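Enquirer:
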Amino acid sequence: MPRNEALVNYFKTRRSVGMAFLSEPGPSVAELDEILTIGTRVPDHGKFVPWRLVIIEGDARRQAGERLAEIVRRNRPGIDEASLEIERRQFLPAPLTIAVIFSPKPNTKAPELEQLLSAGNVCLNLVHAAFALGYAATWVTRWFAFDPVAQEMLGARGGERFVGFIHIGTPTAIPEDRERPALADVVMRWAR
Ligand SMILES: Cc1cc2nc3c(=O)[nH]c(=O)nc-3n(C[C@H](O)[C@H](O)[C@H](O)COP(=O)(O)O)c2cc1C
225 MPRNEALVNY FKTRRSVGMA FLSEPGPSVA ELDEILTIGT RVPDHGKFVP WRLVIIEGDA
285 RRQAGERLAE IVRRNRPGID EASLEIERRQ FLPAPLTIAV IFSPKPNTKA PELEQLLSAG
345 NVCLNLVHAA FALGYAATWV TRWFAFDPVA QEMLGARGGE RFVGFIHIGT PTAIPEDRER
405 PALADVVMRW AR
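Quick note: the sequence shown uses our numbering, first residue 225, plus one each step.
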């Protein structure tokens, strides 16, 4: 396979674009299909497909946010309106969010850790797919990835949990790069 300069350059410069800076337009139906196809093309030891995806788009973004606000209000009666508004906007302004559910499959071949890593790969592959199609993306979790009531409301079933919410849209700002770890700090050559 020949060196692909565009791809190399992409991997050397890719940067997440924060949720607040993702706006319309989002991917078309055909583009979303392509993003999902690329996103789910990941290593998967034993082919157990230990993940599922939930698409949150259009009006569902506001509805899901409203349901999150209701959960927060139940947990913290008397919470102020500004805090509830933050919850209502959890899936805004990005036009599209793809939620990745880790759905472990009991078996003796692929330990749960390997299945979890496969689900993590789906998350990052979705990010790469979004950028490849000319959009920007970011991978976040937030409190509702860890709250059982919110997880169920968003589509997780027994034994499943969310590992990422991939927000996708057109960037309204290009962020500065962040500091990356020095290779010397994280890489060693094995020797005995
Ligand atoms: C599993 C996971 C969960 C994350 N959750 C959040 C989050 O809830 N809120 C947040 O601001 N960033 C979160 N991040 C970090 C964002 O993805 C962040 O923008 C990213 O680390 C930027 O890295 P990049 O510049 O290499 O794309 C999370 C990252 C990962 C891997």
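Even glycine gets a Cβ: it sits at the ideal position worked out from N, Cα and C.
Since the model is a prediction, treat every value here as computed from it, not as a measurement.
If I'm right that residue 312 touches residue 289 with Cβ under 8 Å, what's the distance once you round it to whole angstroms?
Expert: Their Cβ separation, rounded to whole angstroms, is 4 Å, which keeps residue 312 and residue 289 in contact under 8 Å.
Enquirer: Between the C-alpha atoms of residue 355 and residue 363, what's the straight-line distance to the nearest angstrom?
Expert: Residue 355 and residue 363: Cα-Cα distance of roughly 13 Å.
Enquirer: For a minimum of 3 consecutive residues, which ranges assigned as the beta strand (DSSP E) are wholly contained in the stretch 226 to 298?
Expert: Listed in chain order, the complete beta strand (DSSP E) runs (minimum 3 residues) inside the stretch 226 to 298 are 275 to 281.
Enquirer: Is any heavy atom of ligand 1 found at a distance shorter than 7 Å from the C-beta of residue 410?
Expert: No; taking the cut-off as 7 Å, the Cβ of residue 410 has no heavy atom of ligand 1 nearer than that.
Enquirer: I need the straight-line Cα distance from residue 392 to residue 226, nearest angstrom please.
Expert: Spanning the two alpha carbons is a distance of roughly 30 Å.
Enquirer: Note down, one range per segment and in chain order, each beta strand (DSSP E) of at least 3 residues found wholly within the stretch 337 to 395.
Expert: If we require 3 residues or more, the beta strand (DSSP E) runs fully inside the stretch 337 to 395 come out as 360 to 364 and 385 to 395.
Enquirer: Can you give the Cα-Cα distance for residue 320 and residue 345, rounded to whole angstroms?
Expert: Between residue 320 and residue 345, the C-alpha separation is close to 19 Å.
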